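Asker: Got a structure for you, written out below as structure tokens; questions coming shortly.
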Amino acid sequence: ASYSVSGGEGHYELKPESSTIMPFISAYQGSADFKLNSDIPTSFDLTLIAGKQSLDLRSINATDLNVETVFGETVITLPKEGKVNGKVGVVFGELVVRIPRGTAVQFKMDTVVVGKSIPQDFLKTEDTVSSPEAASGKADIVLSLENVVGSVKIEYLP
1 ASYSVSGGEG HYELKPESST IMPFISAYQG SADFKLNSDI PTSFDLTLIA
51 GKQSLDLRSI NATDLNVETV FGETVITLPK EGKVNGKVGV VFGELVVRIP
101 RGTAVQFKMD TVVVGKSIPQ DFLKTEDTVS SPEAASGKAD IVLSLENVVG
151 SVKIEYLP
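Below, the structure is given as structure tokens:
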């Protein structure tokens, strides 16, 4: 892990050390939990080759997202308020986006062979889906959801 500051921004990079099982194949098992200050705007650039990523944005000031999983599952829990933009992608697997009711959110769906589960009250137009609160085009959270093979599920938090 490394931390650096450049241009007034802090950058934390976590690259797990892996163990080689066979040439070109390595294994890593582990997890990382972070507690972030909600007063500081935070951008995420996360890439996972295989496994599960869970990102709960409800208690932090997330502004930009770039989340990619090649094989596996990504679960994103969005905040009720705040401005968030970016993209969340899974190449092969499941993408789950959990949202609080009343959130003004819009998703651009960039999918290929994908099953989709979208709340019935969402407005669907071509490749875009919007919550009722964002139907007028005034979304606070705008994300591109990308999936090649698998499923995309948008669900309300209980």
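Taken in order, the sequence shown gives residues 1 to 158; the numbers are from my numbering.
The beta-carbon is built from N, C-alpha and C at its ideal position, and this holds for glycine as well.
As the structure is a prediction and not an experimental result, all values here were calculated from the model.
Contact defined as beta carbons within less than 8 Å: I believe Leu95 pairs with Val88. What is the distance between those atoms, to the nearest angstrom?
Answerer: Sequence index remark: in the sequence shown, residue 95 carries index 95 (1-based). Sequence index remark: in the sequence shown, residue 88 carries index 88 (1-based). Right, the Cβ-Cβ distance comes to about 6 Å (below 8 Å), so this counts as a contact.
Asker: With DSSP run on the structure shown, which of helix, strand or coil describes Glu81?
Answerer: Residue 81 sits at position 81 when you count from the first residue of the sequence shown. In the structure shown, Glu81 sits in coil (DSSP, three-state: anything other than H, G, I, E or B).
Asker: Ile76: buried (16+ other C-beta within 10 angstroms of its C-beta) or exposed?
Answerer: By 1-based counting over the sequence shown, the position of residue 76 is 76. Label assigned to Ile76: buried.
Asker: Below 9 Å between beta carbons: does that hold for Leu78 and Ile141?
Answerer: The residue given as residue 78 occupies position 78 in the sequence shown. The residue given as residue 141 occupies position 141 in the sequence shown. Yes, the Cβ-Cβ distance between Leu78 and Ile141 is below 9 Å.
Asker: Three-state secondary structure (DSSP) at Ala134?
Answerer: The sequence position of residue 134 within the sequence shown is 134, counting from 1. Note: Ala134 maps to helix in three-state DSSP.
Asker: Could you have a look at Ser54 and say whether DSSP puts it in helix, strand or coil?
Answerer: As a first step, residue 54 is located in the sequence shown; it is residue number 54 there, counting from the start. Residue state, collapsed to three classes: strand.
Asker: Return the CA-CA distance between Val152 and Asp127, expressed in angstroms with no decimal places.
Answerer: What you label residue 152 is simply residue 152 of the sequence shown in a count that begins at 1. What you label residue 127 is simply residue 127 of the sequence shown in a count that begins at 1. Whole-angstrom Cα-Cα distance: 13 Å.
Asker: Whole angstroms is fine: what's the gap from Ser43's alpha carbon to Gly93's?
Answerer: The residue given as residue 43 occupies position 43 in the sequence shown. The residue given as residue 93 occupies position 93 in the sequence shown. Whole-angstrom Cα-Cα distance: 24 Å.
Asker: Rounded to the nearest angstrom, what separates Glu13 and Gly72 at their Cα positions?
Answerer: On the sequence shown, position 13 is the one that residue 13 refers to. On the sequence shown, position 72 is the one that residue 72 refers to. So the two alpha carbons sit approximately 21 Å from each other.
Asker: Restricting to Cα atoms, I'd like to know which of Tyr3, Val91, Glu146, Ile60 is closest to Phe107.
Answerer: Residue 107 sits at position 107 when you count from the first residue of the sequence shown. Nearest option by C-alpha distance: Glu146.
Asker: For Thr103, which three-state DSSP category applies?
Answerer: In the sequence shown, counting from the first residue as 1, residue 103 sits at position 103. Thr103 falls in the coil class under three-state DSSP.
Asker: Restricting to Cα atoms, I'd like to know which of Lys52, Lys116, Ala62, Met109 is closest to Pro41.
Answerer: Taking the sequence shown and counting its residues from 1, the one referred to as residue 41 is at position 41. Taking only the C-alpha atoms, the option nearest Pro41 is Ala62.
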